[in-house]
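Peer 1:
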Amino acid sequence: MAAKHQHLSNRYIPEEFLDWLTGFIEGDGCFSSHIPKKPSRRKKAHMHRKGESMHRWVPTPRVQLIIQLGEYAVLYKIKHTLQMGQIRKTSEGYWRYTVSKKQHIALLIGWLNGRLALEKKHRSFCTWVDVFKQSNLVSTARNLLISVPDVLPVTSVDLRKAWLSGLIDREGCFQITLQKSDRYRLGYRTRLRFMIDQKNALDSMQQIVCLFKGSVGLRKPSLTHRYAQTTTVHLRPIVDYLKLFPLKTRKHMLFLRWAKAVEMCVNKQHLTFEGFEQIKKLKHLNMQTVKKAKGVISPSLQKCVEESNED
1 MAAKHQHLSN
11 RYIPEEFLDW
21 LTGFIEGDGC
31 FSSHIPKKPS
41 RRKKAHMHRK
51 GESMHRWVPT
61 PRVQLIIQLG
71 EYAVLYKIKH
81 TLQMGQIRKT
91 SEGYWRYTVS
101 KKQHIALLIG
111 WLNGRLALEK
121 KHRSFCTWVD
131 VFKQSNLVST
141 ARNLLISVPD
151 VLPVTSVDLR
161 KAWLSGLIDR
171 EGCFQITLQK
181 SDRYRLGYRT
191 RLRFMIDQKN
201 ALDSMQQIVC
211 LFKGSVGLRK
221 PSLTHRYAQT
231 TTVHLRPIVD
241 YLKLFPLKTR
251 KHMLFLRWAK
261 AVEMCVNKQH
271 LTFEGFEQIK
281 KLKHLNMQTV
291 KKAKGVISPS
301 LQKCVEESNE
311 D
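Take the sequence shown: its position 235, counted from the start at 1, is 235 in the UniProt record's numbering, and no numbers get skipped.
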């Protein structure tokens, strides 16, 4: 009997949220896929109850979307908005969001397809979709197939979309650094910096340079490309973009304080004693927010703590 095709009607998810989610996943999410070498205990028990021989077992390729983070709230927001997946705490103290149901993976493919901007993640997505198609060809009890679209090419980084906000939520960093210097009347130089780190993503980092100016460097030995912007006047467009497409993790509070410091520096308030003291307070509050954060703080947030503390 020919297999029937199941056409999944997409539930409505706001375009802005899907763009943000794609950037967030590309930051450090995982398109996981593997083919099991032996049946699970649950499958063995099921086959035993039906009196089936283990020799009849056919491995079914398994695909999952995995996002691991030290912050529960944003993962719950993703789960609640998409109405799919599970959240569990790992033995290391992280929260792990996992989507594994075939119908949900098919929906995710449709939502993410055509939104990815990082070449390396796009290649991983292509492999993920191919493995899912293989699993889709394995007959199920209902002899049901799920329609899956062809993968679309990578897209460009666009300031009219929330993709970059999602990437910043995962891999961005806002720094307020106060460096001792006799050249300044108050004895300190206020330095503001915005950074994004990504491995094997030079093309995308260069696109960000075209949008916000700045520079891209290679950090050794991790071979990570770092986009950085330290010129105060060029930080204003970054502030404007993130006010249009707000961050959704606890970095949003860090950003708001950093944006206040940017505004003060643009207006030269940091050169006054009162302004300098206020910026010191903003820096201290950001450090405390990160250090007191519940759960395991992400490597990018830890990096903000360590590097901005080098005064």
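Quick reminder that beta carbons are idealized off the backbone N, C-alpha and C, glycines included.
Nearest to His252 by CA position, among Arg170, Lys220, Asp182, Ala117, is which residue?
Peer 2: The residue given as residue 252 occupies position 252 in the sequence shown. Nearest C-alpha to His252: Arg170.
Peer 1: If we count the other Cβ atoms within 10 Å of its Cβ and call it buried at 16 or more, is Arg41 buried or exposed?
Peer 2: Position 41 of the sequence shown, counted from the first residue, corresponds to residue 41. Arg41 comes out exposed.
Peer 1: Tell me where the alpha helix (DSSP H) around His270 begins and ends.
Peer 2: The residue labelled residue 270 in the question sits at position 270 within the sequence shown. Element bounds for His270: n/a, residue is neither H nor E.
Peer 1: Quick check on the burial criterion: 16 or more other C-beta atoms within 10 angstroms. Buried or exposed for His225?
Peer 2: Indexing the sequence shown from 1 puts residue 225 at position 225. Buried is the call here.
Peer 1: Thinking just about the alpha-carbon of each residue, which of Thr127, Lys220, Lys281 is nearest to the one in Arg257?
Peer 2: For the purposes of this step, residue 257 is taken as the residue at position 257 of the sequence shown. Ranking Thr127, Lys220, Lys281 by Cα distance to Arg257 puts Lys281 first.
Peer 1: Can Pro61 and Ser147 be called in contact, C-beta distance under 7 Å?
Peer 2: The residue given as residue 61 occupies position 61 in the sequence shown. The residue given as residue 147 occupies position 147 in the sequence shown. No, the pair does not count as a contact, with Cβ atoms beyond the cut-off.
Peer 1: In the structure shown, what three-state DSSP assignment does Ala259 receive?
Peer 2: Translated into the one-based positions of the sequence shown, residue 259 becomes position 259. Correct three-state label for Ala259: helix.
Peer 1: On the criterion of 16 or more Cβ atoms from any shown chain inside 10 Å, does Ala2 qualify as buried, or is it exposed?
Peer 2: Your numbering for residue 2 matches position 2 in the sequence shown. The predicted model places Ala2 with a pLDDT of 38, which falls under 50 and marks its position as unreliable; any figure quoted below should be read in that light. Looking at its Cβ environment, which holds fewer than 16 other Cβ atoms inside 10 Å, Ala2 is exposed.
Peer 1: So, with DSSP's three-state summary, where would you put Val99?
Peer 2: What you label residue 99 is simply residue 99 of the sequence shown in a count that begins at 1. In the structure shown, Val99 sits in a strand (DSSP, three-state: E or B).
Peer 1: Among residues of its own chain, excluding the 5 on either side of Asp203, which ones have a beta-carbon nearer than 7 Å to its beta-carbon?
Peer 2: Translated into the one-based positions of the sequence shown, residue 203 becomes position 203. Cβ neighbours of Asp203 beyond the five flanking positions: Glu119.
Peer 1: Alpha carbons only, please: which of Gly27, Gln64, Glu26, Leu82 is nearest the one belonging to Glu15?
Peer 2: As a working mapping, residue 15 is identified with position 15 in the sequence shown. That would be Leu82, whose Cα lies nearest to the Cα of Glu15.
Peer 1: Report the three-state DSSP secondary structure of Arg142 (helix, strand or coil).
Peer 2: Numbered from its first residue, the sequence shown carries residue 142 at position 142. For Arg142, the predicted structure reports a pLDDT of 45, less than 50, and the residue's modelled location is therefore unreliable. A value from the coordinates is still provided. Reduced to three states, the DSSP call for Arg142 is coil.
Peer 1: Which residues in the same chain as residue 312 place their Cβ atom closer than 7 Å to its Cβ, once the five residues preceding and following it in sequence are excluded?
Peer 2: Outside the displayed span of the chain (1 to 311) sits residue 312, for which this structure offers no information.
Peer 1: Does the Cβ of Ser139 have 16 or more other Cβ atoms within 10 Å, making it buried, or fewer, making it exposed?
Peer 2: Within the sequence shown, residue 139 is the residue found at index 139, counting from 1. Its pLDDT being 43, under 50, Ser139 is placed unreliably by the model, and the measurement read from it follows with that caveat. The residue in question, Ser139, is exposed, as its Cβ has fewer than 16 Cβ neighbours within 10 Å.
Peer 1: For Asp182, write down the residues that DSSP places opposite it in a beta bridge.
Peer 2: On the sequence shown, residue 182 is found 182 positions in, with the first residue counted as 1. In the DSSP output, where bridge partners are listed per residue, Asp182 has none listed.
Peer 1: Jot down the residue ranges of each uninterrupted beta strand (DSSP E) in the segment 145–203, minimum 3 residues, whole runs only, in chain order.
Peer 2: Segments of the beta strand (DSSP E) lying fully in the segment 145–203: 172–180, 188–199.
Peer 1: Should Ser181 be labelled buried (16 or more other beta-carbon atoms within 10 Å of its own) or exposed?
Peer 2: Position 181 of the sequence shown, counted from the first residue, corresponds to residue 181. It counts as exposed.
Peer 1: Counting along the chain, where does the alpha helix (DSSP H) carrying Ala228 start and finish?
Peer 2: Numbered from its first residue, the sequence shown carries residue 228 at position 228. Ala228 -> not in any alpha helix (DSSP H); beta strand (DSSP E) instead, spanning 224–229.
Peer 1: In chain order, what residues of the same chain have a beta carbon less than 6 Å from the beta carbon of Met205, not counting five sequence neighbours either side?
Peer 2: Indexing the sequence shown from 1 puts residue 205 at position 205. Only Val216, His225, Tyr227 meet the Cβ criterion.
Peer 1: How would you write the range of the beta strand (DSSP E) that Arg236 sits in, first residue to last?
Peer 2: The residue given as residue 236 occupies position 236 in the sequence shown. No beta strand (DSSP E) contains Arg236, which is instead part of the alpha helix (DSSP H) from 232–244.
Peer 1: If you follow the beta strand (DSSP E) that Ile66 is in, where does it begin and where does it stop?
Peer 2: Reading the sequence shown from its first residue, position 66 is the one you call residue 66. Taken as a continuous stretch (DSSP letters only), the beta strand (DSSP E) holding Ile66 covers 62–69.
Peer 1: Assign Gly166 to buried or exposed, taking buried as 16 or more other Cβ atoms, counted over all protein chains shown, within 10 Å of its Cβ.
Peer 2: In the sequence shown, the residue the question calls residue 166 occupies position 166. That one is buried.
Peer 1: DSSP three-state label for Lys213, please.
Peer 2: For this step, residue 213 is matched to residue 213 along the sequence shown. In this structure, Lys213 counts as coil in the three-state DSSP scheme.
Peer 1: If we ignore side chains and look at the alpha-carbon of each, how far apart do Lys89 and Ile25 end up?
Peer 2: What you label residue 89 is simply residue 89 of the sequence shown in a count that begins at 1. What you label residue 25 is simply residue 25 of the sequence shown in a count that begins at 1. Cα to Cα, the separation comes out at about 19 Å.
Peer 1: So, with DSSP's three-state summary, where would you put Leu218?
Peer 2: To locate residue 218, count along the sequence shown from 1; it is residue 218. Looking at Leu218 - three-state DSSP - the assignment turns out to be strand.
Peer 1: Can you list, in chain order, the residues of its chain with a C-beta nearer than 8 Å to that of Ser222? Leave out the 5 residues immediately preceding and following it.
Peer 2: Numbered from 1 along the sequence shown, position 222 holds the residue referred to as residue 222. Cβ neighbours of Ser222 beyond the five flanking positions: Lys199.
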